[in-house]
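Notes follow once the structure below has been shown.
There are 2 protein chains.
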Amino acid sequence: MVKRTSLEDAPCPIARSLDMIGDWWSLMIIRDCFLGRRRFSEFQKSLGLAKNILAARLRTLVASGILEMTPASDGSAYQEYVLTPKGRGTFPILVALRQWGEEFSFEPGEVPTLLVDRKTHRPVRKLELRSASGRLLNQPDTEVVPSAEAQRP
Amino acid sequence: MVKRTSLEDAPCPIARSLDMIGDWWSLMIIRDCFLGRRRFSEFQKSLGLAKNILAARLRTLVASGILEMTPASDGSAYQEYVLTPKGRGTFPILVALRQWGEEFSFEPGEVPTLLVDRKTHRPVRKLELRSASGRLLNQPDTEVVPSAEAQRP
DNA sequence: CCGTATCCATTCCGATACTG
DNA sequence: CAGTATCGGAATGGATACGG
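Note that the protein sequences, when read in sequence, are chains A and B.
If you count by numbering that gives the first Met the number 0, then the first sequence holds residues 0 to 152, one letter each, in order.
If you count by numbering that gives the first Met the number 0, then the second sequence holds residues 0 to 152, one letter each, in order.
And the structure:
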């Protein structure tokens with residue numbers, strides 16, 4: 000995408016993820032997909048970006064296996080863009096971005112949109128990181144190690 | 000940062016987060032901070048990006064309240080960059096990016112670095128999203144609503 | 001309606017040189 | 001070591017025009 004030092008061979012999974020979706024628009028398009036949008040014009044109206052840029056982003060997202068094109072459900076001659084399993088796997092990333100934004104980017108008076116439990120309509124909890132045994136972990140409780148140094152479960 | 004349709008006033012917290020850290024380098028710099036790096040040259044060597052770009056990114060991260068500059072701990076005349084509470088709040092975002100990368104960007108033979116429990120050195124679990132009552136939620140169990148339509152806990 | 005093609009300004013990014 | 005200054009090529013992003 001960008002002629003930038005490629006991170007796709009880095010051993011760090013964060014680097015590889017950012018290499019694929021770490022640009023300005025990809026995650027916004029994926030967010031729209033989770034909101035049920037699937038047509039070119041829906042993305043374009045929702046995001047307000049130039050059509051050539053949108054077309055390029057959709058192409059790379061399809062090429063990365065995050066979106067796939069399917070015949071339009073309404074019988075029109077066109078295609079729709081829907082998330083693949085890999086694409087749906089980004090859900091925790093979007094939730095984490097959302098929760099960080101809620102906490103640090105809204106003034107007391109402002110009201111963000113909320114992620115709620117569909118059944119009860121009550122806001123979800125903050126994402127939880129747990130150890131293999133189920134203990135809640137914060138960042139200082141963790142460590143990044145080369146794969147070889149990890150204990151196998 | 001980029002002269003792009005600004006998302007900083009959007010009601011969607013995802014949009015606001017991406018407006019602040021949704022570029023190619025910011026999250027990589029933050030990742031390095033979590034790994035204990037704090038000096039200009041450490042970032043530069045680790046990330047391999049141009050010094051002017053790094054300087055610009057560090058400036059905006061400080062301006063956004065994600066990093067702060069402190070006198071160098073070793074008595075040298077320079078500054079170090081350390082995460083603020085807001086910056087440390089990005090931890091779940093990095094974990095989510097890491098887990099998605101582990102799952103979808105590594106071939107069977109390749110070994111990623113791993114996030115482990117510091118005590119046991121066993122890999123952490125996948126991030127869990129739970130309802131207010133503690134039930135595990137997947138994406139289809141959730142919904143995004145304007146703040147007014149959410150049930151107050 | 002769904003894109004592609006083209007033009008243009010801006011910015012990004014890398015490389016290098018330079019300063020305290 | 002920690003940046004700043006500058007340069008050039010590449011890509012972004014907005015706007016518009018055009019074709020199936």
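For each residue, glycine too, the CB sits at the ideal point set by N, CA and C.
If you're wondering where the values come from, they're calculated on a predicted model, not measured in any experiment.
- Chain A has no Cβ within less than 9 Å of the Cβ of ARG58 of chain B.
- Contact annotation: SER25 of chain A and LEU60 of chain A have beta-carbon atoms nearer than 9 Å.
- Below 8 Å, too few C-beta pairs join the region 66 to 81 of chain B and the region 104 to 121 of chain A to call them touching: fewer than three.
- With 16 or more other CB atoms across the displayed protein chains lying within 10 angstroms of its CB, ASP116 of chain B is buried.
- Between the region 133 to 151 of chain A and the region 61 to 75 of chain A there are fewer than three inter-stretch CB-CB distances shorter than 8 Å, so the stretches are not counted as touching.
- Against ARG37 of chain B, chain A offers no close residue; the least beta-carbon distance is about 16 Å (beta-carbon pairs closer than 9 Å).
- One alpha carbon belongs to TRP23 of chain A, the other to ARG97 of chain A, and they sit about 15 Å apart.
- Cβ contact annotation for GLU127 of chain A (same chain, cutoff 7 Å, sequence separation greater than five): LEU135, in chain order.
- Using a CB distance cut-off of 9 Å, ASN51 of chain A does not count as an interface residue toward chain B.
- Burial state of GLU101 of chain A is buried, judged by a 10 Å Cβ sphere holding 16 or more other Cβ atoms.
- Straight-line spacing of the CA atoms in ARG129 of chain A and ARG121 of chain A works out to 23 Å.
- Within the region 66 to 118 of chain B, the runs of alpha helix (DSSP H) at least 4 residues long that lie entirely inside it are, in chain order, 84 to 87, 90 to 103.
- Of all C-beta pairs linking the region 8 to 15 of chain B to the region 39 to 54 of chain B, fewer than three are shorter than 8 Å, placing the two stretches out of contact.
- Between PRO91 of chain A and ALA14 of chain B the beta-carbon gap is near 18 Å, outside 8 Å, which marks them as no contact.
- Taking 9 Å as the threshold, the shortest C-beta distance from ILE28 of chain B to chain A does not fall below it.
- In the three-state scheme derived from DSSP, where H, G and I count as helix and E and B as strand, VAL143 of chain B is classed as strand.
- LEU135 of chain A carries a strand assignment under DSSP once its states are collapsed to helix, strand and coil.
- Beta-bridge analysis with DSSP links GLU127 of chain B to A:GLU127.
- In this structure, DSSP gives PRO122 of chain B an extended state, which the three-state scheme calls strand.
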